[in-house]
Amino acid sequence: MKISIKIFIAGLIMLQFVGCDSESIYKDEHYKNLVYLLSKGNENVFIASYTLNEESPVQYVTVGCGGSNTNDKPVVVKIEPSPEMLDRYNKINYDYESQYAKLLPESKYEIPSYTVTIPARSDYHYQRMDVKVWPDGLSPDSVYFVPLKIVSVSEYEVNEQKQDVLFRVTIENDYATQYPQTYYRKSGQLSNPLVVMSGTKLVHPLAKDKVRMFIGNELYNDDTTPQDIARKSVVVQINADSTVVVSPYDSSMMEVEMLSNAPGYNRYNPSLVQGLTKQRVLWLNYRFRQKNVTTGEFGSWRDVEERLIRIEE
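For the sequence shown, our numbering gives the first residue as 4, with consecutive numbering after it.
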């Protein structure tokens, strides 16, 4: 009986040692700090929107140190461009080179420092790296990336699945955003022949006070070509006094003249009260004619009366 008790006690002691050792391994493997670049999805994309209302707005790449415990030491993280990451992305996502996402031109952005230091025992476990962009002139039809990767850390290990990021640069203004895309609900009519307009219309930011849209019921989709955009698009400029001017996106393919047939049109109201909500509304009245791509001649004029109400998220 005494031998059995001794064996039982010895077993308990051994279980305690095994339990402590397992707990230590578990903590080491599952709670260790890992350095990473913040992104979403398997392709490690992070989307930042830059306002066209500022000359050189700043957004950020977030460098984090994840783990159950606060990092006891400062972590110095060095980052560098990784253009090969964009090559892999294009090969996976696009069939034709003409569709490829692009490197953001170096003349369009500045990263003051590629070294980031995460402070020791920080409450936030991350630090941000500035990415300044000059968004004026960027095309709303293009996908721009700044691909980046971690090349070294002073402490801990790098999360291999989040060691790089495709930092996507998109543009926006007060009237539309490139991502997510902005739609307006349309109503109105076209003349010659008479066509009723209904449904939704995609509106692209173009400059601080300008947006671009297709005429009438024309649709912008994945099959739209640069030639379609040139021939079917108008630019709407919203002035400081909320008046509106419509012009051709490509004057070699379309001519536009303003009209005043519809009272109260050619203006913008950012806060039209409808019931309990406020709506952002454009009223447009103009006429256009398009060049025939076969003959090279301009066709007949068509009058437009159109109301556009922004669809809010």
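Quick reminder that beta carbons are idealized off the backbone N, C-alpha and C, glycines included. Keep in mind it's a predicted model, so treat the numbers as computed, not measured.
Less than 7 Å between the beta carbons of residue i and residue j, yes or no?
i: LYS189; j: LEU311; result: yes
i: GLU160; j: LEU37; result: yes
i: PHE291; j: MET257; result: yes
i: THR73; j: ARG131; result: no
i: TYR271; j: ILE241; result: yes
i: ASN56; j: LYS204; result: no
i: SER303; j: ASN176; result: no
i: LYS76; j: GLU158; result: yes
i: LEU193; j: ARG91; result: no
i: VAL214; j: TYR178; result: yes
i: VAL66; j: VAL149; result: no
i: GLU309; j: GLY191; result: yes
i: GLY70; j: LYS35; result: yes
Could you say which of the options lies nearest to residue i if we only look at CA atoms?
i: ASP183; options: VAL146, ILE218, LEU107 and LYS165; result: The question names Asp, yet the displayed sequence has Pro at residue 183. Of the listed residues, the one whose Cα sits closest to PRO183 is VAL146.
i: SER52; options: PRO196, GLN130, TYR268 and ASP139; result: ASP139
i: VAL237; options: GLY219, ALA243 and THR246; result: GLY219
i: ASP225; options: THR73, LEU209 and SER101; result: SER101
i: LEU151; options: VAL48, SER303 and ASN269; result: VAL48
i: ASP244; options: VAL296, ASN269 and ASP253; result: ASN269
i: GLN181; options: LEU197, ASP253, HIS207 and GLY202; result: HIS207
i: GLN230; options: PRO115, CYS68 and VAL296; result: VAL296
i: LEU197; options: VAL307, GLY44, GLU83 and GLU46; result: VAL307
i: PRO266; options: TYR129, VAL239, THR298 and LEU287; result: LEU287
Between residue i and residue j, which are expected to be in contact by the criterion C-beta below 8 Å, what is the C-beta distance as a whole number of angstroms?
i: VAL276; j: MET261; result: VAL276 to MET261, Cβ: 27 Å. No contact.
i: LEU285; j: VAL259; result: At roughly 15 Å, the Cβ-Cβ gap does not stay under 8 Å, so LEU285 and VAL259 are not in contact.
i: TYR117; j: LYS165; result: That belief does not hold up - the Cβ atoms of TYR117 and LYS165 are roughly 17 Å apart, past 8 Å.
i: VAL78; j: VAL156; result: 6 Å
i: LEU40; j: VAL64; result: 6 Å
i: PRO143; j: LEU209; result: 7 Å
Please tell me whether residue i has its Cβ less than 7 Å away from any Cβ of chain D.
i: LYS213; result: Judged by its chain identifiers, the structure shown contains no chain D, having just a single protein chain.
Contact between the region 170–184 and the region 80–99 (3+ Cβ pairs under 8 Å): Contact annotation: the region 170–184 does not touch the region 80–99, with fewer than three C-beta pairs closer than 8 Å.
Where are the beta strand (DSSP E) runs, 3 residues long or more, that stay fully inside the region 162–191, in chain order? As far as the region 162–191 is concerned, its whole beta strand (DSSP E) runs of at least 3 residues are 167–175.
Every unbroken beta strand (DSSP E) within the region 64–125, with a cutoff of 3 residues, ordered by chain: Correct list: 78–84 and 118–121.
Identify every run of the beta strand (DSSP E) within the region 226–250, keeping only runs that are complete inside it and at least 3 residues long; order them along the chain. For the region 226–250, whole beta strand (DSSP E) runs of length 3 or above, ordered along the chain, are 236–241.
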